[in-house]
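Taking mature numbering (1 follows the signal peptide of the UniProt record, and there is no 0), I'd label the letters of the sequence shown as residues -23 to -1, 1 to 515.
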Amino acid sequence: MATTKLVLLTFAICRLIVTVGLTVDPTELLRLVVEGQLSLDPSDVNTASKDFGLMSRAEPLAVLHPASAQDVVGLVRTAYSSPHGFTVSARGHGHSINGQAQTNNGVVIQMSGGSSRSGTPGQAARVSEKGMYVDAWGGELWIDVLRSTLEYGLAPKSWTDYLYLSVGGTLSNAGISGQAFNYGPQISNVHELDVVTGKGELLTCSEEQNSELFHAVLGGLGQFGIITRARIALELSPQRVRWIRVLYSNFSAFTKDQEFLISLHGQPTSQKFDYVEGFVIVDEGLINNWRSSFFSPSNPVKITSINSEGGVLYCLEITKNYDESTAVTIDQEIEDLLEKLDFVPTSVFTTDLPYVDFLDRVHKAELKLRSKGLWDVPHPWLNLFVPKSRISDFDEGVFKGILGNKTSGPILIYPMNKDKWDQSSSVVTPDEDVFYLVALLRSALDTGDETRTLEHLTNQNRQILRFCDDAGIEVKQYLPHYTTREEWMDHFGDKWDRFYQRKMKFDPRRILATGQRIFSPSSGSSGGGVGSAKLSVY
């Protein structure tokens, strides 16, 4: 059986070399011994060639389904020592937008899928009640991490809005949601990592051990190594959530209240909310969509019924966690906080639900969209960090200007505290104490409406970026996507030199995560020639 697989693998690789002109020596992959599976199955290759964005395609040579971190080590070491050179990209749940986890003429490591936990696929997650942490495999989905920790009455502190993302994927970017003002992003809640560098070295790193690699990998866009294990901080899990939404017609009042609420991060739990987000409503139809289900169908809200500025409304979304011991005081705590806010008095909408249901709220929306054929469509998302000092200008130019009165997806907006972000990490944020996430999470739909087409939304994204540039609004892209060296250097600013030096140290042949289009891979043998190889940037 093994011989048959070897023959088929040899035939498939040689056929690819003939048909698409690959430069990879097939024996390099054939000599690779793995516990998992190195697959050339068309369905595996097809899955790895696309992502959630559905705006780019890149066919890999093969797909590795690792059975252990050692499988990842073996593949990367083979690529690093290859005289011809081939690239390696780690793929989690495939939720990238612009092909960041894709690669041509290389191998995709499918980190997610199956029961891959605790740093070793197939083993149960290791939860330490005493240490208040969980060890998770890099390809583990956050929803599965949550399920494992809840068995001990524990949960991670910081989240993303959508839980069907891999641990390694979000930690390679930042991982943010409405808890970030209080706990920081997910990368601020990691004790330790196991990382396979671009040289094929498996290293454990933390603040105390291999700290440069630790800081480089967190928010490092996959450029320095592949996360195979993460030790994540935990807290006691709440039991229930009071979920509240209130509307604003005045942007200044809206942002003033959001900024006030995140300023309470140092206060006792009873004197602050646990989650602060918000969204913009520029389209009356959007108010009753999957993100705004509070308002329909029993209590629909009409934008025209509220005197909004420029036809735009703003929704503040806040939560308060509680359990049996605090249930008697929750109502008064919420009332005391709401009294300090300046929202439209008649626009308070509240629901109460289990903590798990709140965290997994977007997945329920996903199922609805899938049932209508509205999930597997192009997603020209644009995520920006906007400095607090210019958020009003952004509102005037984008929400009340460029977007008009139509959009095809949620527009999130909420502030975060910069001091909750470790500046030693690779993430880039605006140089102000408070900055906003503005996330235009739009879907391109073929409905006959020109404003919903991929071309229109993509052009509108460019228009937004051009407006910011012309207005001198120094935004930073979250989940960044650039195609030139100048753009990447401008994005990283004074962090670029450090970013480049770390790349040359941990991935000198530039074989990792080439789908990010920051560096192009070097050619020729490794060893002494690597240091002198000329830098090639897309």
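Ideal Cβ placement from N, Cα and C applies to all residues, glycine included.
In or out: residue i buried (at least 16 other Cβ within 10 Å) or exposed?
| i | result |
| --- | --- |
| Asp313 | exposed |
| Gln79 | buried |
| Met(-23) | The predicted model places Met(-23) with a pLDDT of 47, which falls under 50 and marks its position as unreliable, so this point remains unresolved. |
| Gln400 | exposed |
| Ser275 | Residue placement at Ser275 is flagged as unreliable, the pLDDT there being 48, under the threshold of 50; the coordinate-derived value follows with that caveat. The residue in question, Ser275, is exposed, as its Cβ has fewer than 16 Cβ neighbours within 10 Å. |
| Asp484 | buried |
| Glu254 | buried |
| Ser247 | exposed |
| Gly197 | buried |
| Arg68 | buried |
| Gln235 | buried |
| Pro498 | buried |
| Gln244 | exposed |
| Gly155 | buried |
Alpha carbon to alpha carbon, how far is residue i from residue j?
| i | j | result |
| --- | --- | --- |
| Asn159 | Tyr455 | 19 Å |
| Lys297 | Val321 | 20 Å |
| Asp138 | Val339 | 7 Å |
| Leu380 | Tyr459 | 22 Å |
| Ser324 | Gly115 | 42 Å |
| Pro60 | Lys176 | 14 Å |
| Val354 | Met32 | 9 Å |
| Arg103 | Asp396 | 30 Å |
| Asp121 | Leu41 | 22 Å |
| Asn438 | Tyr477 | 28 Å |
| Ile204 | Tyr299 | 34 Å |
| Leu118 | Gly90 | 9 Å |
| Arg475 | Met393 | 25 Å |
| Thr44 | Gly13 | First, the residue type needs correcting, since residue 44 is Ala and not Thr in the sequence shown. Looking at the two C-alpha atoms, the distance is approximately 4 Å. |
| Leu344 | Gln186 | 42 Å |
| Tyr225 | Cys292 | 6 Å |
| Gly378 | Thr461 | 28 Å |
| Val10 | Ser183 | 30 Å |
| Gly199 | Pro457 | 12 Å |
| residue 520 | Gly350 | Because the chain here runs from -23 to 515, residue 520 falls outside it and cannot be looked at. |
Can you tell me whether residue i is helix, strand or coil according to DSSP?
| i | result |
| --- | --- |
| Asn187 | coil |
| Ile379 | helix |
| Asp171 | strand |
| Asn227 | coil |
| Phe326 | strand |
| Asn23 | helix |
| Asp112 | strand |
| Ser105 | strand |
| Thr428 | helix |
| Glu254 | strand |
| Phe362 | strand |
| Asn150 | coil |
| Ile441 | helix |
| Thr181 | strand |
| Asn284 | coil |
| Ala416 | strand |
| Val289 | strand |
Just checking my contact of residue i with residue j at CB under 8 Å: how many whole Å lie between their CB atoms?
| i | j | result |
| --- | --- | --- |
| Ile390 | Val257 | 6 Å |
| Ala207 | Val167 | 6 Å |
| Ser402 | Leu195 | 4 Å |
| residue 538 | Trp358 | As shown, the chain starts at -23 and ends at 515. That puts residue 538 outside it, with no answer to give. |
| Lys480 | Arg486 | Between Arg486 and Lys480 the Cβ distance is about 10 Å, and since that is not below 8 Å, they are no contact. |
| Leu142 | His72 | 5 Å |
| Leu318 | Val223 | 7 Å |
| Phe335 | Val218 | 4 Å |
**Prompt:** Enumerated in chain order, which unbroken segments of the alpha helix (DSSP H) with a length of 4 residues or greater are wholly contained in the stretch 444 to 503?
**Reply:** Listed in chain order, they are 462 to 469, 473 to 483.
**Request:** Jot down the residue ranges of each uninterrupted alpha helix (DSSP H) in the stretch 115 to 144, minimum 4 residues, whole runs only, in chain order.
**Result:** Runs found: 119 to 127.
**Request:** Pick out the complete alpha helix (DSSP H) segments inside the stretch 14 to 87, 4 residues or longer, and give them in chain order.
**Result:** Within the stretch 14 to 87, the complete alpha helix (DSSP H) runs of at least 4 residues are 19 to 25, 46 to 58.
**Prompt:** Going along the chain, which unbroken runs of the alpha helix (DSSP H) with 4 or more residues stay wholly within the stretch 326 to 359?
**Reply:** As far as the stretch 326 to 359 is concerned, its whole alpha helix (DSSP H) runs of at least 4 residues are 332 to 336, 338 to 348.
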